[in-house]
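S.K.:
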Amino acid sequence: MTATLPDRTATTSDVAAVLPGHRSARATALFVVLGVALALLTVYAAGRGQLSIPAHEVWGSILHRLGLDLGTMPTHPQGENTLWQVRFPRIAMAIVVGAALSTAGALMQGIFGNPLAEPGVVGVSTGAAFAAAVVIVFEIGFMGAWTTAAFAFVGGLVTTLAVYALSRADGRTEVVTLVLTGIAVNAVAAAGLALMIFLGDTAAREQIVFWQLGSLNGTRWEYVGVVTPLVVVGLVGAMLMSRKLDVLSLGDRAARHVGIDVERLRLVAIVLVALLTAAAVSFAGIIAFVGLVVPHLIRMLVGPGHRVLVPASALAGTVLLLGADLIARTAVAYADLPIGMLTSLVGGPFFFWLLRRTRKTAGGWA
Amino acid sequence: MTLRLTHVSASLGGHPILHDVTIEVVPGELVALVGPNGAGKTTLLSVMSGDIVPSSGEALLDGVSLHQWKVGALARERAVLPQEQRLAFGFRVVDVVRMGRAPWARLPEEDLDDVVVAGAMTRTDVLTMAERSFPTLSGGEKARTSFARVLAQQTPLVLLDEPTAALDIRHQEQVLSEARRLAADGHAVVAVLHDLTVAAAHADRICVLADGHLRADGTPSEVMRADVLGEVYGHPVDVIDHEGRIIVLPHLLIHPTEEPTCAPALS
Chain S
140 MTATLPDRTA
150 TTSDVAAVLP
160 GHRSARATAL
170 FVVLGVALAL
180 LTVYAAGRGQ
190 LSIPAHEVWG
200 SILHRLGLDL
210 GTMPTHPQGE
220 NTLWQVRFPR
230 IAMAIVVGAA
240 LSTAGALMQG
250 IFGNPLAEPG
260 VVGVSTGAAF
270 AAAVVIVFEI
280 GFMGAWTTAA
290 FAFVGGLVTT
300 LAVYALSRAD
310 GRTEVVTLVL
320 TGIAVNAVAA
330 AGLALMIFLG
340 DTAAREQIVF
350 WQLGSLNGTR
360 WEYVGVVTPL
370 VVVGLVGAML
380 MSRKLDVLSL
390 GDRAARHVGI
400 DVERLRLVAI
410 VLVALLTAAA
420 VSFAGIIAFV
430 GLVVPHLIRM
440 LVGPGHRVLV
450 PASALAGTVL
460 LLGADLIART
470 AVAYADLPIG
480 MLTSLVGGPF
490 FFWLLRRTRK
500 TAGGWA
Chain U
20 MTLRLTHVSA
30 SLGGHPILHD
40 VTIEVVPGEL
50 VALVGPNGAG
60 KTTLLSVMSG
70 DIVPSSGEAL
80 LDGVSLHQWK
90 VGALARERAV
100 LPQEQRLAFG
110 FRVVDVVRMG
120 RAPWARLPEE
130 DLDDVVVAGA
140 MTRTDVLTMA
150 ERSFPTLSGG
160 EKARTSFARV
170 LAQQTPLVLL
180 DEPTAALDIR
190 HQEQVLSEAR
200 RLAADGHAVV
210 AVLHDLTVAA
220 AHADRICVLA
230 DGHLRADGTP
240 SEVMRADVLG
250 EVYGHPVDVI
260 DHEGRIIVLP
270 HLLIHPTEEP
280 TCAPALS
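Going line by line, the protein sequences match chains S and U. Residue numbering for the first sequence is 140 to 505, as defined by the numbering used here. Residue numbering for the second sequence is 20 to 286, as defined by the numbering used here.
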């Protein structure tokens, strides 16, 4: 190796001290705030609903389950059951799905080098939804609870690969091409979904329609058990490739010049995006905009470095979805609003604001 | 480290760009690639960097064909400064320079990251803008930041595609003196340059490309001749010796004493 060292090695620490450090203080603060918010929201959300359970009783129940006989147990006869059979599975699902959606968004924006990429926008969610609808209509069940997830994964993978292959030209993805490709892919997947609704019987139709709106209603521990390992794999994989994702923002060619195997990185990332999207979609339905909004907010707060962006997005996604689900099930008495409707209601205007802001500061994306 | 191209031809999108180019680059020299627009300078640089596989002929780095190199190992041997500087997200200048250290991740050299990055940023005069967001920089500042990234990569072979295109004269001289210093330190440097006078002043060797052919290859005084340049560029030039420095002066199409044909006279 003939690479030369700077001739100032004697003053190593002086020279390095001139460099600004990583934004670690800000990142730590963000993680602490999000972690505390998640814990508080979990306890609060568990207490809210048709049967109101005070926070100290929720704590008591949790501590009791952990083997600590501290605090008060829920006083209502159905309290304990409500908490552990209905609310906690649903809260757990909101947490893993929120993490999955925002990690998938951060990952996809990273590999496309494009802030507009999101599974919902480019049609991957619809692709996964179509495949899952096939399972519902034809009552396929050879893998038990895993069948829906497996089909959704394949559907998501095929659509992601399609968007990737169709929208790239000369080694990069133009924003306009990506959005238009997303529209095309969305249209095809939506047609498939429509066909499934047409073919299905009344029960299947109702199931598909509700599930298209997105809902965490009726979550069971069994479902959480299917989704969680997929999300853990996706999240760990995303974090392992975070430094490479940073370098990828230089563009394909320059990233290759600094030693990144771009094609392999992209392929692995696409599989992870499909995995995360499938995990989220298979039981919770289509919940749009979370993957778009969350990484954007985090980037504004702590910068674009993926080593912080990916885990912080995951954590913020859990808080967001937990909050959204709390509103979905408590905003209207005796009604469970579709959570996908809520996230789109908030995400749509936010997206518009984002477009205006980018237009002002950077002259737009195109 | 030796880069050897023998009888290389290459095409882009089915269109032949380079024809039968043979060139060798060895450590310790700064080679300037010059030639008119569309002569194939960038394509030749892409062949040297391993981005384009020649359609015929061989491009060997240390005796191994460039496209057989592993991406990571190649990144520890050659660095490339692209013509255009793009970045998808708003990373800070210091983060961009640090990206040049990516090939050394998980190797003993990783411990030197901070020193190397700080050194590279000092040498390109970007240390004062370390905290600024890359997309908000001017073209010249971006080019210098990218040059710092290339220096941070610490490779024996350094390929620069128009490193001075967006720079003022102070930073142009600064970047080219750094390129010269790299060569003096035993690196091999290849730079695409547009300004012939600048190329003659800094390069050890100049390669003139025209229509995809290598038309001349030699020291500045051998290559910078009015007849050669006039023919290659299709425009007559004067080559002047100014106190030992070569100056290339293109002839004017409209002579100042002639009557202007289109500009209205100012009253």
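Just so you know, even glycine gets a beta-carbon here, dropped at the ideal spot from N, CA and C. From a predicted model like this one, the values you see are computed outputs, not experimental measurements.
Rounding to the nearest angstrom, what Cα-Cα distance links Ala94 (chain U) and Gly398 (chain S) in this structure?
M.R.: Indexing the second sequence from 1 puts residue 94 (chain U) at position 75. Indexing the first sequence from 1 puts residue 398 (chain S) at position 259. Cα to Cα, Ala94 (chain U) sits roughly 5 Å from Gly398 (chain S).
S.K.: Examine chain S for any beta-carbon lying closer than 7 Å to the beta-carbon of Leu100 (chain U), and answer yes or no.
M.R.: As a first step, residue 100 (chain U) is located in the second sequence; it is residue number 81 there, counting from the start. So, not an interface residue.
S.K.: At a CB-CB cut-off below 9 Å, which residues of chain S make contact with Met67 (chain U)?
M.R.: The residue labelled residue 67 (chain U) in the question sits at position 48 within the second sequence. Here the premise fails: no neighbours, minimum Cβ distance about 12 Å.
S.K.: I need the straight-line Cα distance from Val366 (chain S) to Leu493 (chain S), nearest angstrom please.
M.R.: As a position in the first sequence, residue 366 (chain S) is number 227, starting the count at 1. As a position in the first sequence, residue 493 (chain S) is number 354, starting the count at 1. Spanning the two alpha carbons is a distance of roughly 31 Å.
S.K.: Along the chain, where does the alpha helix (DSSP H) containing Thr367 (chain S) start, and where does it finish?
M.R.: Numbered from its first residue, the first sequence carries residue 367 (chain S) at position 228. Thr367 (chain S) -> alpha helix (DSSP H) spans 360-379.
S.K.: Run the proximity test for Glu278 (chain S): is its beta-carbon closer than 6 Å to any non-hydrogen atom belonging to the ligand FAD?
M.R.: This structure does not include the ligand FAD; it has no bound ligands of any sort.
S.K.: Could you list which residues in chain U have their beta carbon closer than 7 Å to that of His396 (chain S), in chain order?
M.R.: Within the first sequence, numbered from 1, the residue matching residue 396 (chain S) stands at position 257. Chain U residues near His396 (chain S): Ser68, Ala94, Ala98, Val99.
S.K.: On the DSSP bridge assignment, give the partners of Glu43 (chain U) in chain order.
M.R.: One-based indexing of the second sequence puts residue 43 (chain U) at position 24. U:Arg23, per the DSSP bridge assignment.
S.K.: So does the region 444-459 of chain S actually touch the region 261-279 of chain S, counting three or more Cβ pairs closer than 8 Å?
M.R.: Touching, no, given that fewer than three Cβ pairs across the two stretches are closer than 8 Å.
S.K.: Could you please give me the residues that DSSP links to His261 (chain U) through a beta bridge?
M.R.: By one-based count along the second sequence, residue 261 (chain U) stands at place 242. According to DSSP, His261 (chain U) bridges with U:Arg264.
S.K.: For Leu415 (chain S), go through chain U and note every residue whose CB falls closer than 9 Å to its CB, in chain order.
M.R.: The residue given as residue 415 (chain S) occupies position 276 in the first sequence. Those within 9 Å of Leu415 (chain S) in chain U number zero; the least Cβ separation is about 20 Å.
S.K.: Does any residue of chain S have a CB that is nearer than 7 Å to the CB of Met118 (chain U)?
M.R.: Residue 118 (chain U) sits at position 99 when you count from the first residue of the second sequence. Chain S contact via Cβ: present.
S.K.: Measuring CA to CA, which of U:Ile273, U:Thr143, U:Thr62, U:Arg264 is closest to Val40 (chain U)?
M.R.: Counted from its first residue, the second sequence places residue 40 (chain U) at position 21. Of the candidates U:Ile273, U:Thr143, U:Thr62, U:Arg264, the one whose C-alpha sits nearest the C-alpha of Val40 (chain U) is U:Thr62.
S.K.: Could you give the DSSP three-state label for His213 (chain U): helix, strand or coil?
M.R.: Counting from 1 along the second sequence, the entry for residue 213 (chain U) is found at position 194. In this structure, His213 (chain U) counts as coil in the three-state DSSP scheme.
S.K.: Between the region 128-153 of chain U and chain S, which residues of the former have CB atoms less than 7 Å from a CB of the latter, in chain order?
M.R.: So the close ones are Leu131, Asp133, Val134, Val135, Val136, Ala137, Gly138, Leu146, Ala149, Glu150.
S.K.: Within a Cβ cutoff of 7 Å, which residues of the same chain sit near Asp133 (chain U), ignoring the five residues on either side of it in sequence?
M.R.: On the second sequence, position 114 is the one that residue 133 (chain U) refers to. Correct list: empty, nothing qualifies.
S.K.: Between the region 380-391 of chain S and chain U, which residues of the former have CB atoms less than 9 Å from a CB of the latter, in chain order?
M.R.: Listed by position, the residues of the region 380-391 of chain S near chain U (Cβ gap below 9 Å) are Arg382, Lys383, Asp385, Val386, Leu387, Ser388, Leu389, Gly390.
S.K.: For the region 241-253 of chain S, list every residue whose C-beta sits within 7 Å of some C-beta in chain U, in sequence order.
M.R.: Correct list: Gly252, Asn253.
S.K.: Could you tell me if His190 (chain U) is buried or exposed, where buried requires 16 or more neighbouring beta carbons within 10 angstroms of its beta carbon?
M.R.: Locating residue 190 (chain U) in the second sequence gives position 171, where the first residue counts as 1. So His190 (chain U) counts as buried.
S.K.: Under 7 Å, do Met243 (chain U) and Val256 (chain U) count as touching if we go by C-beta distance?
M.R.: Walking along the second sequence from the start, residue 243 (chain U) turns up at place 224. Walking along the second sequence from the start, residue 256 (chain U) turns up at place 237. Going by C-beta atoms, Met243 (chain U) is not nearer than 7 Å to Val256 (chain U).
S.K.: Which two residues bound the contiguous beta strand (DSSP E) that contains Ile225 (chain U)?
M.R.: Reading the second sequence from its first residue, position 206 is the one you call residue 225 (chain U). 224-229 is the span of the beta strand (DSSP E), which, as asked, contains Ile225 (chain U).
S.K.: Is there at least one Cβ from chain S nearer than 7 Å to Pro122 (chain U)'s Cβ?
M.R.: Here residue 122 (chain U) refers to the residue found at position 103 of the second sequence. Yes, because at least one Cβ of chain S sits closer than 7 Å to the Cβ of Pro122 (chain U).
S.K.: Is any beta-carbon of chain S found at less than 7 Å from that of Arg105 (chain U)?
M.R.: Counting from one through the second sequence, the residue named residue 105 (chain U) turns up at place 86. Yes, contact with chain S.
S.K.: Give me the Cα-Cα distance between Leu201 (chain U) and Arg165 (chain S), rounded to the nearest whole angstrom.
M.R.: Taking the first residue of the second sequence as 1, we reach residue 201 (chain U) at position 182. Taking the first residue of the first sequence as 1, we reach residue 165 (chain S) at position 26. Distance between the alpha carbons of Leu201 (chain U) and Arg165 (chain S) is about 38 Å.
S.K.: Hey, does Phe108 (chain U) have any beta-carbon neighbour from chain S nearer than 7 Å?
M.R.: Residue mapping note: residue 108 (chain U) aligns to position 89 of the second sequence, counting from 1. At least one chain S Cβ lies under 7 Å of Phe108 (chain U).
S.K.: Could you tell me if Ala505 (chain S) is buried or exposed, where buried requires 16 or more neighbouring beta carbons within 10 angstroms of its beta carbon?
M.R.: Counted from its first residue, the first sequence places residue 505 (chain S) at position 366. A caution first: Ala505 (chain S) carries a pLDDT of 41, below 50, which makes its placement in the model unreliable, though a value can still be read off. Exposed is the call here.
S.K.: So, do the region 387-403 of chain S and the region 316-328 of chain S have three or more beta carbon pairs nearer to each other than 8 Å?
M.R.: At 8 Å Cβ cutoff, the stretches do not touch.
S.K.: Go ahead and pull the three-state DSSP assignment for Ala231 (chain S).
M.R.: In the first sequence, counting from the first residue as 1, residue 231 (chain S) sits at position 92. It is helical.
S.K.: From the DSSP output, in three-state form, read off Leu195 (chain U) for me.
M.R.: Within the second sequence, residue 195 (chain U) is the residue found at index 176, counting from 1. Helix at Leu195 (chain U).
S.K.: Can you tell me which of S:Gly462, S:Ser200, S:Arg229, S:Leu415 puts its alpha carbon nearest to the alpha carbon of Thr242 (chain S)?
M.R.: In the first sequence, the residue the question calls residue 242 (chain S) occupies position 103. Comparing Cα positions, the closest option is S:Leu415.
S.K.: Please confirm if Pro159 (chain S) has its CB atom under 7 Å from at least one CB of chain U.
M.R.: Translated into the one-based positions of the first sequence, residue 159 (chain S) becomes position 20. Cβ-Cβ to chain U under 7 Å: yes for Pro159 (chain S).
S.K.: Would you check if the distance between the CB atom of Ala167 (chain U) and the CB atom of Ala139 (chain U) is smaller than 7 Å?
M.R.: What you label residue 167 (chain U) is simply residue 148 of the second sequence in a count that begins at 1. What you label residue 139 (chain U) is simply residue 120 of the second sequence in a count that begins at 1. Contact: yes.
S.K.: Take the Cβ of Thr341 (chain S) as the centre, count every other Cβ of all protein chains shown within 10 Å, and call the residue buried at 16 or more, exposed below.
M.R.: Within the first sequence, numbered from 1, the residue matching residue 341 (chain S) stands at position 202. Looking at its Cβ environment, which holds fewer than 16 other Cβ atoms inside 10 Å, Thr341 (chain S) is exposed.
S.K.: For chain U, is any of its Cβ atoms less than 7 Å away from the one on Pro434 (chain S)?
M.R.: Here residue 434 (chain S) corresponds to residue number 295 of the first sequence, with the count starting at 1. No, its Cβ sits nowhere closer than 7 Å to a Cβ of chain U.
S.K.: Helix or strand or just coil, what does DSSP make of Asp236 (chain U)?
M.R.: Here residue 236 (chain U) is taken as the residue at index 217 of the second sequence, counted from 1. If DSSP states are grouped into helix, strand and coil, Asp236 (chain U) belongs with the strands.
S.K.: Let me confirm a value: Pro488 (chain S) is counted as buried when at least 16 other C-beta atoms fall within 10 Å, else exposed. Which label applies?
M.R.: Taking the first residue of the first sequence as position 1, residue 488 (chain S) is located at position 349. When all chains shown are included, Pro488 (chain S) counts as exposed.
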